[in-house]
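Asks: Quick one: the structure is below, and I'll ask about it shortly.
Chains as they are written, first to last, in our numbering: chain A, 1 to 229; chain B, 230 to 458; chain C, 459 to 687; chain D, 688 to 916; chain E, 917 to 1145.
Here you go:
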């Protein structure tokens, strides 16, 4: 039987002072961080992204998934042992769970493994006026929203739920290889009825899918070398 | 006779630079912090939680309770003597008091000792439109709210009051072993009438119940060893 | 003839790094700070409070009063010479003046010397809708507000005025030995008509009255010793 | 022919760590800063103010004026060479231009040289509802505003314009020797019709007029001595 | 066939501590930064601006353009290798794409190479009420807006689109040699109907066009010398 999963978005930003350390130290710091990710990824979904060049307030995103929240906690505890986390802040952090959608049969209880070049993520809060509508009305409005989405088949969507767990109601994640298509979709959705019930949909993160190794290399422009080599 | 108590939520975040100190120093810093907690816990309720992996802006929560506010002040003064507080900020802090509820006979004058795996806390402010309703109307609306809550028996609630003492009106704390149930309850409550009178219910903290020792260990991924051993 | 006074609320927060200095240095830093306070207090009202344990973003409050703003400026210049101010920020600062109230004959042109255990302070801004009411209407509404206040005789009030001098319109300061009474009063006031004209009444500070010496001791949990002894 | 001028308000805050440097270093840092101001002041208006004791988030204000924006840029480049700017942030910065007023013949194309003890400055934004009124209606409302201002002859006003240049629409600067008069004027203006069209008028800075030398001395409570003496 | 381009606005602010380094170190740090810019500029548009003297929260703006987002990412990765980025934050960052306008035939699929002395940039978000208008109504309102713009021929406009890519909907960039004209245009636009549909148009940056070399020199008031010379 499919079960609900916890999904965690952890955005990291490195202190510029870390870039002043010598190459060997930075390489070792990254190796320890990558080892923690590799361990977690053996039994769980872990995806990594770089935000270098797309945001100024975050450098790297780890998206992790587990059935038990304690696994996500333990992974982050192990991360704190790595040299890199002695120089990082977590400027944004979103905790969510998967859940069947009320409005669509396409929703999933696990987030999709990576398959696109770019991920677009934002925390989402609806107005209370939305929740005051009756269920049929909400269903009708969402069908228009879903229909517009289907006009952009190059864009995929994963929604997870944060009610009571974190500051937002949803974490919305779109994926595509064509950012221009996604931009056009979002602009097109502004004129749908559902759009008027949006209270907050920022910050909006453009994330470049890549391996943990490459995402770490983007922090200081230095390719990683094997420890001890 | 039961008396009202002060309840204090103190969220700590450690400077990443602390993780660069050597193991012995960090162990000593944690020992001093734990000793202060142990002393206070002899005569008062003290509960500890880890937020590593659930938030980016807080690492550890101490919830303390006392009949006299000066005891809570003195406990925090003693904390400042510990090595750990030479490297910590308090990014969030909520001061409240217990008080009988106008709407429910289940309210308490002491917060509950820990009994669940997870605690969900948020500061809560209602709109002024709520307070402009007459008392009977508020009572009717709250009964619907309470009725929905009872449909989720795995979730317990402790509300404390902050009017005039701090920036929020209430501090709301839910406990459960099943975060998914709590998420469903909060989403369900969005469609009740009372929900439209919420002005602010963030930040929302997901807190993992654990001993002070374990919460401290989660700060740097290092288990504590006995001082001098 | 009574004259109007300037009232200044200066909230300090010490850098955690200061707690890493050795005992003698910290003691000297506090002595210099206390000497500046003692000098000012010879000719002016100066009251001190600790916020350790009640807030996370401020540690100590100095409330000072003078007929001439330059005296308050000069006092803060002297403070910058003290060792402590080499490690402190001023996260909150409120400048105000006394003024006779339009609504009550009990207002004063000097703030009260300390007489209660706790002080509750917040900056206050009313909605512009309030000021669009005619004067009689405002007077009627304030009488209800004042009447509710009189039901809580254990709570005293000092209001000062900041229009044009600082970001708020008023600085409101309540005093009492019984925080529970004050909490009940503020909750009770929410249902008065005047409450609907509140635009902002946060942050709200719970402040523990104590000598400068004790407030300084609470910063690092170390009692002060005489300089040179 | 009178021409429009650029007006720049640059608020500085010194890092508390600067106060830990030895006296000679701090004196030299201030000398370099003062020399840059003296050079600019030879051909342009430059006024200086201290905010020590009136604000917690800014210590010193420089108000500068030039016909060409490049002169203001170059002055700030020279400032960065001074020792003091190695330890300062600019927490607030307002760029504006002079412009004839639509509503008053008293407006000027140059800001006034200093003549009062105190300056009160705030960035100002009107609601869009204001701009939707027709011009006659705006004129009528402003006449009431101006009439109230004239009841306080001890208070002078300089308004400059920031549309498109900075985050605010206007920078409003009042001057007086009597802060109490100004406070009374601002409170009185709250009840005028124009007041309901204010969107933002904070932060509001109380600034004490003084020479650059005195404003620098207020940063660390040390009077400057001549370089080399 | 013309294709859409990515446009990136990267605002940098240097840590004041960098100014404490010796001249040779700062010169080398700037040389590395300039070399990265020169490399990128060989195949792409790169424009540089100084904000010293116009803002307090940003010192330098790089505007870059590429058909492929990965090129912009890679450029920023190379920047992190430069000495300067070991001491810089990116306080503001805007990612956008070009797109034909619905309302004007003058829009472009590439941003204009620099030709004016000053650039005025702001992120722009419209109200949801705007998007609820039907298309003809939006077209009519925009024609008035465009007509007013044409009354100021000394001011040019480049609009790019950020829907879904970043926190704003548009990045609006005006260019002119005459800031006073631009100020008058923006003030004039306040009274148009389109203005009432603005939700956010701040922060607004006044940027001084100059070479990378001059923009770097403005950071510490030191002209660059050739590496090794």
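Glycine included, C-beta positions come from ideal geometry on N, C-alpha and C. The model shown is predicted, which means the values in this text are computed figures rather than measured ones.
Can you tell me which of the three DSSP states residue 314/B falls into?
Replies: If you number the second chain from 1, residue 314/B lands on position 85. It is helical.
Asks: What are the start and end residues of each continuous alpha helix (DSSP H) run of 4 or more residues lying completely inside the stretch 780-820 of chain D, in chain order?
Replies: You should have 815-819.
Asks: Do residue 352/B and residue 397/B have their C-beta atoms within less than 7 Å of each other?
Replies: Here the question's residue 352/B lines up with position 123 in the second chain. Here the question's residue 397/B lines up with position 168 in the second chain. It is a contact, given that the beta carbons lie within the stated cut-off.
Asks: Going by the DSSP bridge assignment, what does residue 402/B pair with across the sheet?
Replies: The count along the second chain starts at 1 and reaches residue 402/B at position 173. Answer is 350/B and 387/B, bridged to residue 402/B.
Asks: Residue 277/A touches chain E at which residues, Cβ-Cβ below 8 Å?
Replies: Since the first and last residues shown for chain A are 1 and 229, residue 277/A lies out of range.
Asks: Leaving out the 5 sequence neighbours to the left and right, which residues in its chain are closer than 7 Å to residue 1077/E when beta-carbon positions are compared?
Replies: Position 161 of the fifth chain holds residue 1077/E. 1012, 1013, 1015 and 1086.
Asks: Could you pull out every unbroken alpha helix (DSSP H) segment of at least 4 residues lying fully inside the stretch 497-543 of chain C, listed in chain order?
Replies: Counting only runs of 4 or more, we get 527-539.
Asks: Rounded to whole angstroms, what is the Cα-Cα separation between residue 983/E and residue 11/A?
Replies: Counting from one through the fifth chain, the residue named residue 983/E turns up at place 67. Counting from one through the first chain, the residue named residue 11/A turns up at place 11. Cα to Cα, residue 983/E sits roughly 26 Å from residue 11/A.
Asks: Jot down the residue ranges of each uninterrupted alpha helix (DSSP H) in the stretch 1078-1127 of chain E, minimum 4 residues, whole runs only, in chain order.
Replies: Listed in chain order, they are 1095-1105.
Asks: Look at residue 180/A and residue 920/E and say whether their C-beta atoms are less than 7 Å apart.
Replies: For the purposes of this step, residue 180/A is taken as residue 180 along the first chain, with counting starting at 1. For the purposes of this step, residue 920/E is taken as residue 4 along the fifth chain, with counting starting at 1. Going by C-beta atoms, residue 180/A is nearer than 7 Å to residue 920/E.
Asks: Does the beta carbon of residue 449/C come closer than 7 Å to any beta carbon on chain D?
Replies: For chain C, the structure presents residues 459 to 687; residue 449/C sits outside this window and is missing.
Asks: Alpha carbon to alpha carbon, what distance is there between residue 941/E and residue 529/C?
Replies: Along the third chain, one-based indexing puts residue 529/C at 71. Along the fifth chain, one-based indexing puts residue 941/E at 25. Straight-line Cα distance between these residues: approximately 45 Å.
Asks: Does DSSP put residue 381/B in a helix, in a strand, or in coil?
Replies: Here residue 381/B is taken as the residue at index 152 of the second chain, counted from 1. The answer is coil: DSSP assigns residue 381/B none of H, G, I, E or B.
Asks: With a CB to CB cut of under 8 Å and the five nearest residues on each side skipped, what residues in its chain are close to residue 1100/E?
Replies: Residue mapping note: residue 1100/E aligns to position 184 of the fifth chain, counting from 1. Once the five neighbours on either side are set aside, the close Cβ partners of residue 1100/E are 1068.
Asks: Quickly, what does DSSP pair residue 33/A with across the bridge? List them, please.
Replies: Stepping through the first chain from its first residue, residue 33/A is reached at position 33. Per DSSP, none; premise fails for residue 33/A.
Asks: Kindly indicate if chain D contains any beta-carbon less than 7 Å away from that of residue 1110/E.
Replies: Residue 1110/E sits at position 194 when you count from the first residue of the fifth chain. By this cut-off, residue 1110/E is not an interface position.
Asks: Note down the Cα distance separating residue 953/E from residue 999/E, rounded to an integer number of angstroms.
Replies: On the fifth chain, position 37 is the one that residue 953/E refers to. On the fifth chain, position 83 is the one that residue 999/E refers to. Going from the Cα of residue 953/E to the Cα of residue 999/E covers about 13 Å.
Asks: Count the other CB atoms, across all protein chains shown, that sit within 10 Å of the CB of residue 915/D; report buried if there are 16 or more and exposed otherwise.
Replies: For the purposes of this step, residue 915/D is taken as residue 228 along the fourth chain, with counting starting at 1. With a pLDDT of 49 at residue 915/D, under the threshold of 50, the predicted position of this residue should be treated as unreliable, and no value is reported.
Asks: Between residue 208/A and chain E, is the shortest Cβ-Cβ distance under 7 Å, so that the two count as touching?
Replies: Counting from 1 along the first chain, the entry for residue 208/A is found at position 208. It does: the Cβ of residue 208/A has a partner Cβ on chain E nearer than 7 Å.
Asks: Please identify, using Cβ separations under 8 Å, the residues of the stretch 498-516 of chain C that lie next to chain B, in order along the chain.
Replies: Listed in sequence order: 508, 510, 511, 512, 513, 514 and 515.
Asks: By Cβ distance below 7 Å, which residues in the same chain neighbour residue 717/D in space, the five residues on each side in sequence not counted?
Replies: By one-based count along the fourth chain, residue 717/D stands at place 30. These residues qualify, in order along the chain: 771, 903 and 911.
Asks: Any beta carbon from chain C within less than 7 Å of residue 315/B's own beta carbon?
Replies: The residue you call residue 315/B lines up with position 86 of the second chain. Taking Cβ atoms only, chain C reaches closer than 7 Å to residue 315/B, which makes this a yes.
Asks: Check the C-beta distance from residue 411/B over to residue 403/B and give it rounded, since I have them as a contact under 8 Å.
Replies: Indexing the second chain from 1 puts residue 411/B at position 182. Indexing the second chain from 1 puts residue 403/B at position 174. With a Cβ gap of about 6 Å, residue 411/B and residue 403/B count as contacting.
Asks: How is residue 699/D classed by DSSP in three states: helix, strand or coil?
Replies: Taking the fourth chain and counting its residues from 1, the one referred to as residue 699/D is at position 12. Looking at residue 699/D - three-state DSSP - the assignment turns out to be strand.
Asks: I'd like to check one pair, residue 14/A with residue 87/A: are the Cβ atoms closer than 7 Å?
Replies: Taking the first chain and counting its residues from 1, the one referred to as residue 87/A is at position 87. Taking the first chain and counting its residues from 1, the one referred to as residue 14/A is at position 14. Cβ atoms of residue 87/A and residue 14/A: closer than 7 Å.
Asks: Tell me which residues share the same chain as residue 447/B and place their Cβ nearer than 6 Å to its Cβ, disregarding the 5 neighbours each side in the sequence.
Replies: The residue you call residue 447/B lines up with position 218 of the second chain. These residues qualify, in order along the chain: 279 and 281.
Asks: Could you tell me the alpha carbon to alpha carbon distance between residue 337/B and residue 231/B, rounded to whole angstroms?
Replies: Along the second chain, read from residue 1 onward, the residue named residue 337/B stands at position 108. Along the second chain, read from residue 1 onward, the residue named residue 231/B stands at position 2. So the alpha carbons of these two residues sit roughly 9 Å apart.
Asks: Expressed to the nearest angstrom, what Euclidean distance is found between the alpha-carbon atoms of residue 1021/E and residue 188/A?
Replies: Counting from one through the fifth chain, the residue named residue 1021/E turns up at place 105. Counting from one through the first chain, the residue named residue 188/A turns up at place 188. Looking at the two C-alpha atoms, the distance is approximately 20 Å.
Asks: Please confirm whether residue 29/A has its beta-carbon closer than 7 Å to some beta-carbon of chain E.
Replies: Here the question's residue 29/A lines up with position 29 in the first chain. Output row for residue 29/A: interface = no.
Asks: How many Å lie between residue 450/B and residue 90/A at the Cα?
Replies: What you label residue 450/B is simply residue 221 of the second chain in a count that begins at 1. What you label residue 90/A is simply residue 90 of the first chain in a count that begins at 1. Those two C-alpha atoms are separated by around 17 Å.
Asks: Would you mind sorting residue 531/C into buried or exposed? The rule is 16 or more other CB atoms within 10 Å of its CB.
Replies: The sequence position of residue 531/C within the third chain is 73, counting from 1. Buried, by the Cβ-count rule.
Asks: Quick check: residue 425/B and residue 128/A, are their CB atoms within less than 7 Å of each other?
Replies: Within the second chain, residue 425/B is the residue found at index 196, counting from 1. Within the first chain, residue 128/A is the residue found at index 128, counting from 1. Yes, they are a contact pair.
Asks: Can you look up residue 229/A in the DSSP assignment and give me helix, strand or coil?
Replies: What you label residue 229/A is simply residue 229 of the first chain in a count that begins at 1. Bear in mind that the predicted position of residue 229/A carries a pLDDT of just 44, short of 50, making it unreliable; the figure below should be weighed with that in mind. Three-state DSSP puts residue 229/A in coil, outside helix and strand.
Asks: Is the Cβ of residue 218/A closer than 7 Å to any Cβ of chain E?
Replies: Locating residue 218/A in the first chain gives position 218, where the first residue counts as 1. Judged by the 7 Å Cβ criterion, residue 218/A is in contact with chain E.
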